[in-house]
Every structure is written in C-alpha cells, then in structure tokens.
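Using this note's numbering, the first residue of the sequence shown is number 1251, and each one after it goes up by one. For every residue, glycine included, the Cβ atom is placed at its ideal position computed from N, Cα and C. These notes are about the structure you will find just below.
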Amino acid sequence: MRNPDFDQLTEKQLAETIPCRGCGAPKGEPCFTVGRDGQRHPLTNFPAHLTRTKRAQRLQRMAEEENLTMTDDGLFQLAEPEWADVPVNDLVTPVHRGRTMALEGIEVRFTGTHHGADDDGRYVVVHGTDATGHSRSKQFRIGATVAVKAKQ
C-alpha cells in the first residue's frame, strides 16, 4: 500500500527507503561509519551519505515522472491513472485514438466519433472497442462529457 506521507518524508527517511552503496546499510537502517575501534557508529553530522540521499531523490523524481508510487516497503508500483471528464465535442480522433474511456460503465479504447443532428439538436456519437473486441458506441448531446483515462 502507498504511504500517504511519502511526500513529507525527511531527507533521512527518504534516504532510508533504499540501501546505501557507500556503507552497506540495508534499506530501513541509518548510514554508519566505522570508527577507529572497528565498531559501526551511526552518522551524526548529516542524515545519510550524500550518494544515498541523491539516489533516493533521483528515484523519487523518476517515479513521479513515470507515474509510479512508492509502497511502504520502498518498492515502486504503477500508479492508478487518473480519469478526466472530457467534453465529447473536444474528442479529436488522432489525439485521443487508443485512449481508454468509459462508455455506459464499460472501459473501451476510443476509435472515433461522428456528428449528427436530429429534432432535439446536435449530437456526437463516440465509438470504441471493448476488451473482447466488440464495437461499442454511445450518443451524447453537444456539451456532455465522457470519462477518459489519463495517458500512461
């Protein structure tokens, strides 16, 4: 599960989400240094080795760019894409073709639209293909919206 406070982690907590290549500290444990007596002592003058901190920040930045979330155990998983309501008259075939949308509660891949008019006014028919390969379509009035999944 995603840690809800991941974005508010301190520098030390963020660094501890990955193992340290400098001192060999495992994930979840603080960095250490080996004293003259041969014993391991935790770092006192800074939160973690600089390479560990920079690597953790880089991984966090890459995860945000790739739409990944970090789990409590420090692993990454693909984030659930966001849904957005898009006006049907803004659906442009080349731009939206292949995007996932919801038609009558069924997820379909958008394939196109066509426009028309009847006694009640103008309309747009949205076409898509469901997971089984069947063609689906639904008629919407101009100004109506359809739920479209964000690009992945």
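Query - Three-state secondary structure assigned by DSSP to H1364 - result: strand
**Report entry** CA nearest to the CA of A1394, picked from L1341, T1382, T1361
**Finding:** L1341
Query raised in the report: How far does the alpha helix (DSSP H) with Q1263 in it reach, from first residue to last?
Result: 1261 to 1265
**Report entry** Local Cβ density within 10 Å of R1252, reported as buried at 16 or more and exposed below that
**Finding:** For R1252, the pLDDT reaches just 43, beneath the cut-off of 50, and the residue's location in the model is therefore unreliable, although a value from the coordinates is still provided. Exposed, because fewer than 16 other Cβ atoms sit within 10 Å of the Cβ of R1252.
Query raised in the report: Taking all protein chains shown into account, do 16 or more other C-beta atoms lie within 10 angstroms of the C-beta of R1302, making it buried, or fewer, making it exposed?
Result: buried
Requested in this report: With DSSP collapsed to three states, give me the class of D1345.
Outcome: Note that residue 1345 corresponds to Val in the displayed sequence, not to Asp. It is helical.
**Report entry** Residue from A1400, D1370, V1398, R1286 with nearest C-alpha to R1391
**Finding:** D1370
Query - S1387 versus A1306: straight-line alpha-carbon distance, rounded - result: 46 Å
Query - Proximity below 8 Å, CB of E1279 to CB of E1266 - result: yes
Report task. Tell me whether the beta-carbon of A1352 lies closer than 8 Å to the beta-carbon of A1313. Result -> no
Query raised in the report: Of the residues F1360, A1334, V1375, P1344, which one's Cα is nearest the Cα of K1399?
Result: A1334
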